[in-house]
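Going down the list, the protein sequences come from chains A and B. Counting in the working numbering, the first sequence runs from 1 upward without gaps. Counting in the working numbering, the second sequence runs from 1001 upward without gaps. Okay, structure first, notes after.
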Amino acid sequence: MNLSVNVQEDSNVKVLEVSGEIDAYTAPELKETLMPLMRESGNEIEVDLENVQYMDSTGLGVFVSALKASKESGSHYTLKNVQDRVFRIFEITGLSEIIEIKAAIRGGNE
Amino acid sequence: MEAFDYIEMKVPAKAEYIGVMRLTLSGVANRMGFSYDAIEDLKVAISEAVTNAVEHAYEEKESGEITVGFGLYEDRMEIMVADRGGSFDLEEVKNGTGPYQSDEPVEKIREGGFGLFLIEALMDEVKINNKYGVMVIMTKYNREEEVDMDDDQISTIQ
C-alpha cells in the first residue's frame, strides 16, 4: 500500500513513473513531486500509471490541481498506460474529458 | 429478521489505515463471491467513506477512531462507516459534489467533492446519517448468481 514516484528525464519530456496505490495516505507524495514540475513554465510531463492498480478521488484531486497549475504556467501533462479500473474513475467523474489520458496498451495496440 | 453475519472493526482516524480497510473489505467481499469488478467498486467506495471520516476527524482536531461494520447478507453486503466527530451540513456537502460538466471552466473544478459522488455511482444504495457524528451506510448487491439466469430459465420457472 505504498507509492513510489520516480522522475525520468528523457530529452525534453519528463516522465513520472508512479507505482503503487493512490489514496489519501499516498497522494501527498505524488502531489509533492508533480506540483513543482507543473508550476514551472514550459514543462512537458508524462505521468506513467502502468503500475497503479488502485486510485480514488484523492488521486483525482491531485490531477485536477496539476491541471489548474499547468494552465497558469503553460506546462502540459498527459497520463499514460492508465489501467481500466483507474480509467473508470476518470470516466465516471467526467474528468476524462479534460485530462489527456492514454489508456493501457493491450496486445501491442492502443 | 433476516439472518446475517456481522464484522466490525475500529481503526484510528488516520490516513494510513485506509488501505487496511480496503484490504479487509476485499477479503470479506471475496469470501461472499463478489466479482472482481464489484470488489474494485467496493474498495473505492469504502476508501472514499473512510477518507471522509479521517478528514472530518482532522478538521475537528480530534484523534478519534473510525468504526467500520460489514453486514454480510445472502444477496448483498452492507457497509457502515462511522466517525464520532461533530455533524456536518449534509446539503452543503451534497451541493459540492458531482461529475465534471464540460461547460465548467477548469479553475472552478473542486479538488475534493468527487468522493461522495463516487460512492453513489459505485454502490446500489447509500444512506447518510449525521445526527451523532457522521455515518455512511452503503449497500451493494451480489449479482454473481444472476449471471446464468437467462430469459429461458425465467420462463421455465413461471
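No residue lacks a Cβ here, since even glycine has one placed at the ideal position from N, Cα and C.
{"Asked": "Please give me, in chain order, every unbroken run of the alpha helix (DSSP H) with length at least 4 that falls completely inside the region 54 to 78 of chain A.", "Found": "57 to 73"}
{"Asked": "I'd like the ranges of any alpha helix (DSSP H) spanning at least 4 consecutive residues and lying wholly in the region 1010 to 1047 of chain B.", "Found": "1018 to 1031"}
{"Asked": "Given a limit of 8 Å on CB to CB distance, which residues of the region 91 to 107 of chain A reach chain B?", "Found": "92, 93, 94, 95, 97 and 98"}
{"Asked": "Can you name the residues that DSSP bridges to residue 37/A?", "Found": "In DSSP, residue 37/A forms no bridge with anything."}
{"Asked": "Any chance you could list the beta strand (DSSP E) runs of at least 3 consecutive residues sitting entirely within the region 1063 to 1142 of chain B, in chain order?", "Found": "1065 to 1072, 1076 to 1083, 1125 to 1129 and 1134 to 1141"}
{"Asked": "Kindly list the residues whose CB is nearer than 6 Å to the CB of residue 1007/B, restricted to its own chain and excluding five residues on each side of it in sequence; keep chain order.", "Found": "1070"}
{"Asked": "DSSP three-state label for residue 1053/B, please.", "Found": "helix"}
{"Asked": "Given this structure, state the Cα-to-Cα distance separating residue 94/A from residue 1066/B, to the nearest angstrom.", "Found": "30 Å"}
{"Asked": "For residue 1132/B, return the contacting residues in chain D, with the cut-off set at a CB-CB distance below 8 Å.", "Found": "Of the chains in the structure shown, none is chain D; the protein chains are A and B."}
{"Asked": "Check each candidate in 1081/B, 1135/B and 1047/B and name the one with the smallest Cα separation from residue 1115/B.", "Found": "1047/B"}
{"Asked": "CB-CB under 7 Å to residue 35/A, same chain, minus the five flanking residues each way: which ones, in chain order?", "Found": "65, 66 and 69"}
{"Asked": "Could you please give the first and the last residue of the uninterrupted beta strand (DSSP E) stretch that includes residue 22/A?", "Found": "13 to 22"}
{"Asked": "Would you call residue 77/A buried or exposed, if buried means 16 or more other Cβ atoms sit within 10 Å of its Cβ?", "Found": "buried"}
{"Asked": "For a cutoff of 8 Å on Cβ pairs, would you count residue 1051/B as touching chain A?", "Found": "yes"}
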